Every structure is written in structure tokens, then in C-alpha cells.
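Below is one structure; the comments refer to it alone.
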Amino acid sequence: MKWWRSVVSQEIRKILAYRSDFWVTFLGQTLIQLVVARALWQSVFESQNVTTMQGFTLERLTLYYILAPIGTRMLLGESFGYISREIYDGTFTKYLLYPLSFIQYKSLTYLTNSLFFGLQLFIAFILFQVLYAQTPVSLEMVINLLAGIGLFFLGATVYLNLGMCLELCSLWVDNVWSLMVVLRFLTACLGGGYIPLSFYPGWAVRLMNMTPFPYVVSLPIRTIMGQSTTSEILVGMMMLMFWWLVFRVAVHVIWKFGQKSYTGVGQ
Amino acid sequence: MSRYTRLYLYFLRFSFSKSLEFRFDFTFRIFMDTIYYLINIAFFKVIFLHTNLLGGWTEKQMMVFVAGYLLVDAINMTIFSTNMWWLPYFINRGELDYYLIRPVSPLFFLGLREFSVNSFVNFLMALTFCGYAIWDLGEGLSFLNIFFFGLLLLNGSLIYFCIQMLMIIPVFWTHSARGFVDLFYAMGQAMERPDRVYRGWMKIVFTTILPFALIASFPAKIFLDPFDAKTMAHLFIMTVILWSTMLFFWRKGLANYSSASS
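First to last, the sequence lines map onto chains A and B.
Residues in the first sequence are numbered from 1 upward in steps of one, following our numbering.
Residues in the second sequence are numbered from 1001 upward in steps of one, following our numbering.
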């Protein structure tokens, strides 16, 4: 079982290979998304002359828009789109020769990235509390934070399998990256990454709850913010496990049939 | 000039035949952009469930602004996006050599080589939505006004292209795989909000240093609000500055290009 250590350390080295890019991208993306969202909501609050909307103050919404983009990045990992590209150009062959299954290998590299973004999420939350909200960090906050990161991580395993279902379609069709982009859009929109779900009409939330997206984005954020009850977290975890099972079976079936279509052309 | 026109027509011909070769990809991409449009419209529809004014605009006025930035996005997706996607890889892998030795401007060749046919379909959708949003506004606007709005949006596309290039050009020095392109896409959100929501230092940043607000918000402001010569002058001066800066750094980057990986 030592192979997983090699894969994880190789992946971390890859993440840190271009440090300036990495930090500029991380800080830049987080800050830009935050200031743009905050400016928009500040304008909405002022035009309505209110201090609270749908249970959110402007400060809580600011925290929401710190957690949403980093949390979404935890779901996306970094190596998305690679499987379909590798199938397309034939470099996928190497995974068939590795002494471990490609699904194990890809899952591990993906989850290493997720963990890395989880660490960023942890730091960002603590910095927000200390520097912006100027609230002492309590044990309860840390427990909520760790529970939320755990849910994001669980969500990442669901998203990984859902994404893999789409990526493996490239065993039959030429290019599926646009489907991955659609998945990203839908995850952010239906999961509450763009706007907290409490701002949507009730009928829309009921429909969204029939999809896995609110459980992979909104639930972890609300947990970190201390807005989820224990029963909501437990139900959410069960839903995540249900969706994980559904997509895991789908990956297995697609791979079983799809590997017969793989030709390794392009090597 | 006619040589460049002829060359561009060849680019179009190749792009059309290439697009139709990958039919699934072609369809998926149209689907992707359609979802993007719907999400953007839905975003503001949800916001307007909780307010009746945003940045001084009503929902109908906001839809004209939304249509404006969707149109700019469609123009860029159609004309530049595929080229911009590959440019950092070409620089990084040393594949720029093939383009530098050709007897045409490398910027022209690398910037316009691939025309995205599927995005052209989405451009037509965005154009239709823009037409609908203007019609729904119900303010007897003259053809000249609408034409001028179109010109300003084309100018917005040029600004978008310049900013994107300025995020890619650092690859000449950093030798990274993507440059700051991911950061550019994240910053693209700033284009999708009316500039009046930004205050203080943010307003300065988004109208001068990273002038995303000039792409669609300024054209919509000029179109929807009473004419303001100051806004117009700001837009014109910033376009000239951005274009010149982009050309300056592009030339510096080419001079620094070492073709190390080739």
C-alpha cells in the first residue's frame, strides 16, 4: 500500500511546482469573487434599506462568498478534464499498465487536490474570523469548520464519480470537456455557489433538493457557518452516500463497457 | 489588407470544416453556452425577487446589460477564445516558432486562427436575447441608438481581448502552463455586474487598472442613461491605453521568447 504515498507526494509536488501561479490564482480568485459578490449584495441591501435578508447580514454573506469559491474548488479538484483528454490523445494507455487501477489512481490525485483546497478553506475561515469579524475562534467554530470540510470532502467523492461518468463518455465521443463545464455551472448554480439557496423561490429549492448539488455545496457551507442542525447534517451525509453509490455504480458500468472501445490511438 | 482578409477567409473555411467533423463536441459546446446564458439570466431574476433596483437599474434595464455582456462573451468565444486557450501552451512548449516564421503578423495569426463555429450559433442566441431585452424595455429607442450600443459592445470585446492577452503574456517570463488565465476567468465576474455597485477603490480598479466594467457596463450606461461625455471619453481613452499596453508587452514577450522547450 506504499503506492498511495508516492502518488500523493507526486501530486503535492505538482501542485506546488508553480508557486507564484498557485498563490496568485488562489488569492486572486478568492479576493475578486469576494469583492464582486460583496459589492453586489451591499448594493441590494442599500437599495432595500435593510440589514438582514433571508437570514443573512452583509457580514455573514461576505463569509458565505469566501467559503463558496474555495469549497467549490475542493469539489473540482485540479485534474478535471484530464481523463477525457488522455483518452482522446491515447496517453490513457499508461494507466492500463500501472500496477493499480486507473480509478484508484485518479481518485487519489483528485482527493489530494481537494485536501489541499480544504487546507486553504481552513486558513481562510480562521483569517476571516480573526481579521475581519474580529471574533475569537471558539471550539464550536472549529468543530463546525472541520465538519463542513469533511462534508465538502465527502461531496468531492460524489463529484469525482459524477465527473468521471461524463469523462468516460469520451471513450465513445471525441470531446466532453464542455459537459464538464456544464457540470461546473450546474454545481455552482443549483448548489448555492452563486446565490445562497434561501434566496431562491421555495419551489426551486424543492426541485434542487432532488439533485446532489445542494448537498455538495450549500450543506457544507451552512455547516461551517453553524446554520445546519445535526439531523440536517446526518440526512445530508446519507444523501451524499446515496449519490456516491449511484455514480460509483454508473462509473463501474460505463468503464466495463467503455474499456472495450478504447483503442489507444494517438500514442 | 486584402491578404489578411483572404487569410481570414481561409481560417473560417478550415474552422467550419473542423467543427463539423466533431459533431458531438459541436453540439455539447452549444449546450454549454446555452446553460451559461440561462444561469446568468436566472441569477439576476433571483436577485430581483429581493430588490426592485440594482445599481440604479430596473430589472428590464438590467436585462439589457445582461444581454450586452452575453453578447460580448459570445463574440469573444466565437473569435478569440479557442486561440486564447492554446496560446499559453504554444509559448510554454516552444511551439510559437511555427507562427513566428510565417510572413504574417503573429498576433493576427495566433489571435484569429480558430473561429469557433458553435459559439457563432450562441452569438445568434445572445443577439436575439439582446433584441428582446431592448424591445421589452419599451422605450422608443432609435435605430441609431441601438447601432451605437452595438459599436460600444464591439469595443467591449476588444477590451476583453486586451485584458485576456495581458493575463497570458506573463507566460513568456513565468514559463507556467496557463499564466494567469484562470485568474482572468475569475475576474470576468467583475464584467457581469453593473459598475455602479462598485465604490471607492473598487470602482477605480474595475474602471482603470482591471477595466472589466468598461466591457459591458459602460456601453449599457451610455445606452440606457442620459448621454455623458465624460463616460464616453473614459471609455475611449482606456481602450487606446489598453491596446497600446497589450501591444507593448506582446512585443516584449516575443523578444524574450527563447523557444526553450522546442
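Just so you know, even glycine gets a beta-carbon here, dropped at the ideal spot from N, CA and C.
For clarity, every value in this text was computed on a predicted model and none was experimentally measured.
In the DSSP assignment, the alpha helix (DSSP H) including residue i goes from what residue to what residue?
i               : result
R1029 (chain B) : R1023 to I1047
N209 (chain A)  : That residue, N209 (chain A), is in no alpha helix (DSSP H); it is neither H nor E in DSSP.
S114 (chain A)  : F102 to L127
G192 (chain A)  : Run containing G192 (chain A): none; DSSP gives neither H nor E here.
Y1198 (chain B) : Note, Y1198 (chain B): premise wrong, no alpha helix (DSSP H); not H, not E.
G71 (chain A)   : L58 to L76
E11 (chain A)   : W3 to I15
A1220 (chain B) : S1217 to L1224
A147 (chain A)  : L139 to E167
With DSSP run on the structure shown, which of helix, strand or coil describes residue i?
i               : result
L1096 (chain B) : coil
W172 (chain A)  : coil
M241 (chain A)  : helix
M292 (chain A)  : Because chain A here runs from 1 to 267, residue 292 (chain A) falls outside it and cannot be looked at.
F1184 (chain B) : helix
F1236 (chain B) : helix
Q267 (chain A)  : Confidence at Q267 (chain A) is low in this model, with a pLDDT of 44, below 50, so its placement is unreliable and the value that follows should be read with caution. Looking at Q267 (chain A) - three-state DSSP - the assignment turns out to be coil, as it is neither helix nor strand.
T52 (chain A)   : strand
D89 (chain A)   : helix
S1262 (chain B) : With a pLDDT of only 44 at S1262 (chain B), under 50, the local geometry of the prediction cannot be trusted, and no value is derived from it.
V249 (chain A)  : helix
F1014 (chain B) : helix
S1116 (chain B) : coil
A1255 (chain B) : helix
A133 (chain A)  : coil
P201 (chain A)  : coil
K260 (chain A)  : coil
V1104 (chain B) : coil
V235 (chain A)  : helix
L31 (chain A)   : helix
Y1004 (chain B) : helix
L1020 (chain B) : helix
F45 (chain A)   : helix
W1227 (chain B) : Residue identity differs from the one stated: residue 1227 (chain B) is Phe in this sequence, not Trp. Note: F1227 (chain B) maps to coil in three-state DSSP.
P99 (chain A)   : coil
P214 (chain A)  : helix
P1211 (chain B) : coil
P220 (chain A)  : helix
W1250 (chain B) : helix
Excluding the 5 residues preceding and the 5 following residue i in the sequence, name in chain order all residues of the same chain whose CB lies nearer than 7 Å to its CB.
i               : result
W41 (chain A)   : L58 and L61
V1121 (chain B) : I1030
I70 (chain A)   : T30, F117, Q120, L121 and A124
Closer than 8 Å by C-beta to residue i: which residues in its own chain qualify, once you throw out the five before and the five after it? Chain order, please.
i               : result
T51 (chain A)   : F45, T57 and L58
N1256 (chain B) : F1172 and W1173
W1243 (chain B) : L1158 and C1162
L111 (chain A)  : G77, F153, A156, T157 and L160
K1060 (chain B) : A1133, D1136, L1137 and G1138
Here's a check: name, in chain order, each residue in its chain whose Cβ is nearer than 6 Å to the Cβ of residue i, leaving out the five neighbours to either side.
i               : result
R38 (chain A)   : T62
D1228 (chain B) : none
G193 (chain A)  : A68, T72 and V217
S228 (chain A)  : R222
G264 (chain A)  : G90 and T93
S178 (chain A)  : none
L1214 (chain B) : I1159, L1235 and M1238
G1156 (chain B) : V1072, I1215, A1216 and P1219
Out of the options, which has the shortest C-alpha to C-alpha gap to residue i?
i               : options                               : result
M1167 (chain B) : B:I1215, B:T1245 and B:S1217          : B:T1245
R1199 (chain B) : A:V251, A:I66, A:S43 and A:T30        : A:S43
L127 (chain A)  : A:L197, A:V142, A:P214 and A:W177     : A:V142
S1019 (chain B) : B:I1241, B:L1053 and B:T1082          : B:T1082
L1087 (chain B) : B:F1108, B:L1071 and B:L1070          : B:F1108
F1115 (chain B) : B:I1241, B:F1143 and B:T1078          : B:T1078
T109 (chain A)  : A:I83, A:F122, A:Q259 and A:T93       : A:I83
T1239 (chain B) : B:F1031, B:G1253, B:Y1185 and B:T1208 : B:T1208
A133 (chain A)  : A:E140, A:L139 and A:F125             : A:F125
L100 (chain A)  : A:Q259, A:V205 and A:W3               : A:W3
Y1069 (chain B) : B:F1149, B:V1197, B:Y1010 and B:R1251 : B:F1149
F102 (chain A)  : A:Q10, A:G150, A:L245 and A:M164      : A:M164
A1067 (chain B) : B:L1247, B:Y1099, B:S1217 and B:L1254 : B:S1217
G1253 (chain B) : B:H1050, B:L1100 and B:W1201          : B:L1100
L1154 (chain B) : B:L1012, B:F1129, B:N1076 and B:L1112 : B:N1076
D1025 (chain B) : B:W1201, B:D1136, B:V1117 and B:C1130 : B:V1117
field: Those runs of the alpha helix (DSSP H) which lie wholly inside the segment 1042-1088 of chain B and span at least 4 residues
entry: 1059-1076
- prompt: Which full runs of the alpha helix (DSSP H) of 4+ residues lie inside the segment 1119-1192 of chain B, going along the chain?
  reply: 1143-1168, 1171-1174 and 1181-1187
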